[in-house]
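Residue numbers (UniProt numbering): 1 to 362.
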């Protein structure tokens, strides 16, 4: 490693956004990078990431190293923080629809992760911490349609899913911690938050199987014969990664930066997939569900209840504020990002290959 460059700690190095953040940090030529993983001896998981980073970064890869750390283990985070100037805290648990204990599986780890990372920064060399939050903490569907930006805070209530609750509470915990440090005259670093909409785009590692792109595989496989009348703010994974890096350079303390290339009707996103991949035999549908069916389903399913709560409410996430404040280039379009995602899924056999139509003679 070149010791004269500032060292950036990236938590959750094998994650969807983290991989691209590491690539962009290294290829900028400005930084050394340390990426945290849970087990540095797990070669089955690390080798694909190493290979992808070496392919994308070439000689710049020599400025990268792994560190073993677990977000809920303060000691391991503190050790990983040695000599670090900037932190990109990207690691966070994803909600699973099969999760039985949302409080302990999703919400508590997200809060502990933020708190442990920030506590580890106290009295260290760290100057700035960029935390991944979510557009879900900004777009308030309870208030109805409108454009929501950096100054909007969603208040937690029972209608929200576990992932939304985890992001709201984790952000609040981080703000409370640094405000307390400020009052005591002990704050020595800035924090800021990145709030992406739904993330799409090509993963860095071919073996990536994250929840973020699972929905696109299900649509291509025909698991959604009809789609809900809901709206999604979207942003590409590479734009999300770049925003974290630009926040190091241009962000302000306690700044909140929502990211979106637009807020899109789900049907329109599915139409992109249907038009592109339907002729190839994939089963993407853009037919819409009726509200009555969703209401009935909401009585029995948390996931369907969440869809019903968002039904036809266009709560738009303002991506222009972050674009201007963080000096970002134009966002990658939703269409280009979705096609990139689907091409990745098809190329790496994450969706079923369409059956070839038999000719007249079989």
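Every residue gets a Cβ at the ideal spot worked out from N, C-alpha and C, and that includes glycine.
Computed from a prediction, not measured in an experiment: that's the story for all the values here.
Outcome for residue i when other beta-carbon atoms lying within 10 angstroms are tallied against a minimum of 16
i, result
"residue 97", "Note on residue 97: pLDDT 44, under 50, position unreliable in the model; the coordinate value appears next. With fewer than 16 other Cβ atoms within 10 Å, it is exposed."
"residue 116", "buried"
"residue 137", "buried"
"residue 279", "exposed"
"residue 323", "buried"
"residue 342", "buried"
"residue 79", "exposed"
"residue 211", "exposed"
"residue 349", "exposed"
Residue interval of the alpha helix (DSSP H) (run including residue i)
i, result
"residue 255", "Unbroken run through residue 255 is the beta strand (DSSP E), 255-259; no alpha helix (DSSP H)."
"residue 128", "Premise fails: residue 128 lies in the beta strand (DSSP E), 128-132, not in any alpha helix (DSSP H)."
"residue 166", "162-183"
"residue 200", "First-last for residue 200: 198-200, but that is the beta strand (DSSP E), not the alpha helix (DSSP H)."
"residue 210", "That residue, residue 210, is in no alpha helix (DSSP H); it is neither H nor E in DSSP."
"residue 250", "237-250"
"residue 16", "16-27"
Opening and closing residue of the beta strand (DSSP E) in which residue i lies
i, result
"residue 64", "64-68"
"residue 55", "Looking at the DSSP string, residue 55 is not in any beta strand (DSSP E); the run it does join, the alpha helix (DSSP H), is 43-57."
"residue 310", "Element bounds for residue 310: n/a, residue is neither H nor E."
"residue 265", "262-265"
Residue closest to residue i, alpha-carbon to alpha-carbon, out of the options
i, options, result
"residue 325", "247, 90, 352, 286", "247"
"residue 199", "283, 264, 24", "264"
"residue 119", "167, 175, 155, 102", "175"
"residue 141", "329, 165, 316", "316"
"residue 86", "32, 76, 77, 129", "129"
"residue 126", "350, 9, 302", "9"
Pair within 8 Å by beta-carbon distance, residue i and residue j
i, j, result
"residue 288", "residue 226", "yes"
"residue 204", "residue 67", "no"
"residue 277", "residue 220", "yes"
"residue 35", "residue 13", "yes"
"residue 83", "residue 7", "yes"
"residue 201", "residue 329", "no"
"residue 222", "residue 283", "yes"
"residue 309", "residue 92", "no"
"residue 239", "residue 332", "yes"
CB-CB length for residue i against residue j, believed under 8 Å
i, j, result
"residue 258", "residue 150", "6 Å"
"residue 235", "residue 197", "5 Å"
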